[in-house]
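Participant: Be aware that the sequence shown starts at 40, since it is given in our numbering, and climbs by one per residue.
Positions of the beta carbon are idealized from the N, C-alpha and C atoms, including for glycine.
One structure, as structure tokens, below. Some questions next.
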Amino acid sequence: MAGCRCPRPALPIVRWLPRYSRAWLPLDLLAGLAVGLTAVPQALAYAELAGLPLQYGLYSSFMGCFVYCFLGTAKDVTLGPTAIMSLLVSSYAFHQPVYAVLLAFLSGCIQLAMGLLHLGFLLDFISCPVIKGFTSAASITISFNQIKNILGLQGIPRQFFLQVYETLRRIGETRAGDAVLGLTCLAALAGLRAMKSRLPRAAPAEPLAVRISYLIVWISATARNALVVLFAGLVAYSFQVMGSQPFRLTGSIPQGLPALRPPRFSLAAPNGTVPFLSMVQDMGVGLAVVPLMGLLETVAIAKAFASQNGYRIDPNQELLALGVSNVLGSFVSSYPITGSFGRTAVNAQSGVCTPAGGLVTGALVLLSLAYLTSLFYYIPKAALAAVIISAVVPMFDAGIFRTLWRVKRLDLVPLCVTFLLCFWEIQYGIVAGVLLSGILLLYSIARPPIKVSEGIVLRVQPGSSLHFPAVEHLRSAVCSRALAASPPRSVILDCCHVSSIDYTVVLGLAELQQELRRHGLSLAFCGLKEPVLQVLLSAELEGFQHFPSWEEAAQCKGAELGGSSAEPFTSTAESTGLIQ
């Protein structure tokens, strides 16, 4: 019917699949392959970081790819294990797969509920300084956590400060083979990353040889993790054939696909069974931190790449996609997953056209599990450590400290508190940063900027909406200027910037009006927006006066007082308490 709007399809795949073009297929295949070559070695490395058997990294790397193809709204995003999520899992799953899988299930349920209830806006309360503080601290923590594998050290504690102490104390025990291989892999990864960032795009008019050379270099740089791990594995295998092994190897990984079964809601222990409620209590605040950080990473990455490529995403649909991925992933022994910035960047740079590229990535991971796990035995741990360090070093943003010092220095407080406390315990850093950001936000609400201009009447102009914490601040600002003036002046409250007030503010204005009246002065309002005007009219303030604009109010009050409406204002002051 003309003029009717078609209902928006419930599943995002229905929006793009009917118009899928044959020209998109090779680009999606190439992108899925490139991401898969990055995902497999990273999955092994991130499982090591999470303190779990390496196969759990692969178990966590395919379900999100399949689910996001059906439920995701950003063509570039890929879901899977990440460095930050692996760090959180190592803190809250106690290196036990049963806890990790249950954490994935419960996190997915929480994310699913938030998506269904449209609670994605809660992520807006985690400020950029808190995120930057957390990711920068995580970058240092994760990198240093892998130094022991680069140096070939064993028995190093996982607590950061103890880790630093023990690593420095035992640095003389460094295994030369692991150190040389690890540093070589780091240098190779850094070189390939730099080469890719400086690689000029080959124009279609270039000779065929030039375009083929460009493609070879681009594939090598994009699949650098797979190439470096393959190289290190071949070196380790060569030494094994010669009868010596200077490297610490990954070891045996069970071959085959994970069993399809629900997560376990209890854990057998030597002294009995740990019930479900005890496991939940053990994970504690992790049940809030893990799902929230997963949502934050996914939505932030989706928004970033959507804005770069000129399309829009639905944040609540992203929450649903992530929640379903974690819930279903827990049935194939996955630990919590989220959006991966690095693999999403590879996906975008490969020219992916639709989320169908994730099907190729997921299939490649399944093939690796089914047929290639025996080859992973020879991968040196130093090579996997180099992959992790290469992935997390760019997360450290040194420039944010300088930027905040120049833009708004008070934002350095939540940044530094989050950054420092995350070295002690991750949850303490995030919670403290969010609380500090909330306090700064509430302070700005309680102390809005108030501009006071003196003339024949006192013009008081709040710079933002008025809420109950600001009532006393407003009253003191008005009374201190109106009654201290010589002679005392009546007040016009210019509300052109006020879009909302609450009942406590109405009571405060009534008391202010009575106080001014006791001194023979009046309080009038101008520039009231419709919602504010309706609230004040409903309150039935005695002697309520309202003027559409400041000019009309000044003219009327000037006539009442026998003065000139054109009399200049002699001073302007800020009574703020506002954070600058």
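Does DSSP put Arg498 in a helix, in a strand, or in coil?
Facilitator: Residue 498 sits at position 459 when you count from the first residue of the sequence shown. It is a strand residue.
Participant: Grouping DSSP H, G and I as helix and E and B as strand, with all else coil, what is Ser610?
Facilitator: Here the question's residue 610 lines up with position 571 in the sequence shown. Only weak support is given to the placement of Ser610: the predicted model assigns it a pLDDT of 40, under 50, and the question is left unresolved by the model.
Participant: Going by other Cβ atoms of all chains shown within 10 Å of its Cβ, with 16 needed for buried, is Gln294 buried or exposed?
Facilitator: Residue 294 sits at position 255 when you count from the first residue of the sequence shown. With fewer than 16 Cβ atoms within 10 Å of its Cβ, Gln294 is classed as exposed.
Participant: Where does Cys535 land, buried or exposed, given buried means 16+ other C-beta within 10 angstroms?
Facilitator: Sequence index remark: in the sequence shown, residue 535 carries index 496 (1-based). When all chains shown are included, Cys535 counts as exposed.
Participant: Going by DSSP, which residues form a beta bridge with Val313?
Facilitator: Locating residue 313 in the sequence shown gives position 274, where the first residue counts as 1. Paired residue(s): Leu306.
Participant: What are the uninterrupted segments assigned as alpha helix (DSSP H) that are 4 or more residues long and contained completely in the region 501-528, given in chain order?
Facilitator: 510-521
Participant: Cutting at 6 angstroms between CB atoms, please list the residues of its own chain near Gln198, excluding the five before and the five after it.
Facilitator: As a first step, residue 198 must be located in the sequence shown, where it is residue number 159. Result list for Gln198: empty, nothing under 6 angstroms.
Participant: With DSSP run on the structure shown, which of helix, strand or coil describes Val249?
Facilitator: Along the sequence shown, one-based indexing puts residue 249 at 210. Here Val249 sits in helix by DSSP.
Participant: Taking the beta carbon of Ala523 as the centre, do at least 16 other beta carbons fall within 10 Å, making it buried, or is it exposed?
Facilitator: Taking the first residue of the sequence shown as 1, we reach residue 523 at position 484. With fewer than 16 other Cβ atoms within 10 Å, it is exposed.
Participant: Should the region 318-333 be regarded as contacting the region 361-375, the criterion being three or more beta carbon pairs within less than 8 angstroms?
Facilitator: yes
Participant: Please specify which runs of the alpha helix (DSSP H), each continuous and at least 4 residues long, are wholly inside the region 163-247, giving them in chain order.
Facilitator: If we require 4 residues or more, the alpha helix (DSSP H) runs fully inside the region 163-247 come out as 167-190, 199-208, 215-236.
Participant: Rounding to the nearest angstrom, what Cα-Cα distance links Arg498 and Leu562 in this structure?
Facilitator: In the sequence shown, the residue the question calls residue 498 occupies position 459. In the sequence shown, the residue the question calls residue 562 occupies position 523. Spanning the two alpha carbons is a distance of roughly 10 angstroms.
Participant: Below 8 angstroms between beta carbons: does that hold for Gly272 and Tyr417?
Facilitator: Numbered from 1 along the sequence shown, position 233 holds the residue referred to as residue 272. Numbered from 1 along the sequence shown, position 378 holds the residue referred to as residue 417. Closer than 8 angstroms, so yes.
Participant: Mind reading off the beta-carbon distance from Ala437 to Val456? Whole number of angstroms is fine, and I expect it under 8 angstroms.
Facilitator: As a working note, residue 437 is residue 398 in the sequence shown. As a working note, residue 456 is residue 417 in the sequence shown. So it is not a contact: roughly 18 angstroms between Cβ atoms.
Participant: Look at the alpha carbon of Thr377 and the alpha carbon of Glu336, and state the distance between them as a whole number of angstroms.
Facilitator: Within the sequence shown, numbered from 1, the residue matching residue 377 stands at position 338. Within the sequence shown, numbered from 1, the residue matching residue 336 stands at position 297. Cα to Cα, Thr377 sits roughly 7 angstroms from Glu336.
Participant: Considering Cα atoms alone, identify which of Leu69, Val128, Lys114, Ala549 is closest to Glu464.
Facilitator: Walking along the sequence shown from the start, residue 464 turns up at place 425. The shortest Cα separation from Glu464 among Leu69, Val128, Lys114, Ala549 belongs to Val128.
Participant: What number of angstroms, rounded off, separates the C-alpha of Glu212 from the C-alpha of Glu205?
Facilitator: On the sequence shown, position 173 is the one that residue 212 refers to. On the sequence shown, position 166 is the one that residue 205 refers to. Their Cα atoms are separated by approximately 11 angstroms.
Participant: Cβ of Gly477 within 8 angstroms of Cβ of Phe173?
Facilitator: Here residue 477 refers to the residue found at position 438 of the sequence shown. Here residue 173 refers to the residue found at position 134 of the sequence shown. In this structure, Gly477 sits away from Phe173, with a CB-CB distance that is not shorter than 8 angstroms.
Participant: If we define contact as Cβ-Cβ less than 8 angstroms, is Tyr350 a contact residue for chain D?
Facilitator: As a matter of chain content, chain D is missing from the structure shown, which is built from one protein chain.
Participant: Once the 5 residues before and after Tyr253 are set aside, which same chain residues still bring their CB inside 6 angstroms of it?
Facilitator: Working through the sequence shown from its first residue, we reach residue 253 at position 214. Only Ala241 meet the Cβ criterion.
Participant: Below 8 angstroms on the Cβ atoms is my contact criterion, and I expect Met322 with Leu142 to pass it. Report the Cβ-Cβ distance as a whole number of Å.
Facilitator: Within the sequence shown, numbered from 1, the residue matching residue 322 stands at position 283. Within the sequence shown, numbered from 1, the residue matching residue 142 stands at position 103. Correct: roughly 6 angstroms between the Cβ atoms.
Participant: Do Ile292 and Gln94 have their C-beta atoms within less than 8 angstroms of each other?
Facilitator: On the sequence shown, position 253 is the one that residue 292 refers to. On the sequence shown, position 55 is the one that residue 94 refers to. Taking the C-beta atoms as reference points, Gln94 is found nearer than 8 angstroms to Ile292.
Participant: If I'm right that Ala229 touches Ser379 with Cβ under 8 angstroms, what's the distance once you round it to whole angstroms?
Facilitator: Position 190 of the sequence shown, counted from the start, is the residue given in the question as residue 229. Position 340 of the sequence shown, counted from the start, is the residue given in the question as residue 379. In fact, because the Cβ distance is near 20 angstroms, the residues do not count as touching under 8 angstroms.
Participant: In three-state DSSP terms, what is Ser538?
Facilitator: The residue given as residue 538 occupies position 499 in the sequence shown. Note: Ser538 maps to coil in three-state DSSP.
Participant: To the nearest angstrom, how far is it from the Cα of Gly468 to the Cα of Gln320?
Facilitator: Your numbering for residue 468 matches position 429 in the sequence shown. Your numbering for residue 320 matches position 281 in the sequence shown. Approximately 20 angstroms, taken between the alpha carbons.
Participant: Going by DSSP in three states, Pro57 sits in which element: helix, strand or coil?
Facilitator: To locate residue 57, count along the sequence shown from 1; it is residue 18. It is helical.
Participant: Less than 8 angstroms separating the beta-carbons of Arg268 and Val452?
Facilitator: In the sequence shown, residue 268 corresponds to position 229, counting from 1. In the sequence shown, residue 452 corresponds to position 413, counting from 1. The sequence given here has Val at residue 268, not Arg. Their beta carbons are not under 8 angstroms apart, which means Val268 does not touch Val452 by this criterion.
Participant: The alpha helix (DSSP H) spanning Asp533 covers which residue range?
Facilitator: Along the sequence shown, read from residue 1 onward, the residue named residue 533 stands at position 494. Premise fails: Asp533 lies in the beta strand (DSSP E), 530-533, not in any alpha helix (DSSP H).
Participant: Out of Asn184, Arg514, Leu201, point me to the one whose CA is closest to Ala424's CA.
Facilitator: Here residue 424 is taken as the residue at index 385 of the sequence shown, counted from 1. It is Asn184.
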